[in-house]
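So the structure is just underneath, and the comments pick up after that.
Residue numbers (this note's numbering): 8 to 247.
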């Protein structure tokens with residue numbers, strides 16, 4: 008399969024990072040238009056989740072609930088831009104995406120600038136999938152489930168997140184990793200799989216940081232791959 012990778016040092020495409028308060032210079036305007044065109048081609052329309060949130064009741068609170076709220080706002084801004092298509096709405100999405108990255112970095116003690124660059128430089132579809140997973144922080148682990156706001160097992164969360172980006176995955180973690188393209192850790196993008204036998208996670212883009220649904224009794228969380236697994240986990244690109 009054709010594999011297009013973007014530099015992790017430069018946003019791909021060169022996305023604007025702050026709202027424009029006055030008419031932009033032509034060069035900046037062109038950058039926004041190019042970025043918008045790439046997003047329209049590369050990122051499928053956001054998919055509505057099938058979980059019945061209305062019947063789920065309040066989910067357990069997580070210390071990272073504010074990160075989940077920010078991710079939800081970022082995805083709403085992305086959908087708003089996709090519906091209307093004007094540059095100011097795209098800039099609003101980028102601003103909210105970057106704000107979510109900064110909150111996640113604060114939660115984990117990461118370098119916010121590095122995490123923001125990692126999210127901005129990953130493929131647009133991966134941005135959507137990663138944000139989709141992060142919207143579910145605080146939702147409990149539930150075996151054999153993939154239901155928004157209700158519960159997920161590990162592959163249920165990845166199935167849900169990539170479904171938000173319009174990408175269908177097979178349901179088991181083993182099948183998901185077998186069908187993805189293996190990559191070295193230093194080439195992995197935010198949104199890629201991180202896997203060890205029996206468990207699949209999503210890479211946040213730097214420093215072994217991941218989002219996952221861990222195991223029974225726990226909640227969807229952002230955290231780090233454990234020290235004992237850092238040298239043995241597998242990284243893979245679901246759309247590579």
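Idealized CB from N, CA, C, for every residue including glycine.
Boundaries cannot be given for residue 194, as no beta strand (DSSP E) includes it and DSSP labels it neither H nor E. Within the DSSP bridge table, the entry for residue 202 names 207, 241 as partners. CA-CA distance, residue 180 to residue 152, rounds to 13 angstroms. Taking a cut-off of 8 angstroms for Cβ pairs, the stretch 88-102 and the stretch 151-168 do not touch, as fewer than three such pairs fall below it.
Annotation: residue 98 is outside any beta strand (DSSP E); the continuous alpha helix (DSSP H) that includes it extends over 94-115. With contacts defined by Cβ atoms closer than 8 angstroms, residue 187 and residue 131 do not form a contacting pair. Note that the stretch 133-146 touches the stretch 165-177; at least 3 beta-carbon pairs, one per stretch, sit closer than 8 angstroms.
As computed with DSSP, residue 147 is found in a beta bridge with 226.
Exclusion of the five residues before and after residue 212 leaves 122, 125, 126, 129, 196, 197 as the residues of its chain whose Cβ lies within less than 7 angstroms of its Cβ. Taking a 10 Å sphere around the C-beta of residue 239, we find fewer than 16 other C-beta atoms and assign the residue as exposed.
The three-state reading of DSSP puts residue 180 in helix, counting H, G and I together. Counting only residues of its own chain and dropping the five nearest sequence neighbours on each side, residue 200 has a CB closer than 8 angstroms to the CB of 165, 183, 184, 187, 207, 208, 209, 210, 241, 242, 243, 244, 245.
When DSSP states are grouped into helix, strand and coil, residue 219 belongs to the strand group. Residue pairing of residue 188 in beta bridges, as defined by DSSP: 244. Cβ neighbours of residue 117 within its own chain (closer than 7 angstroms, five residues either side excluded): 213, 214, 216. Contact between residue 148 and residue 70 is absent: CB atoms are separated by about 16 angstroms, not below the 8 angstroms threshold. According to the DSSP assignment, residue 86 belongs to the alpha helix (DSSP H) that extends over 72-91.
With a 10 Å radius around the Cβ and a threshold of 16 neighbouring Cβ atoms, residue 191 comes out exposed.
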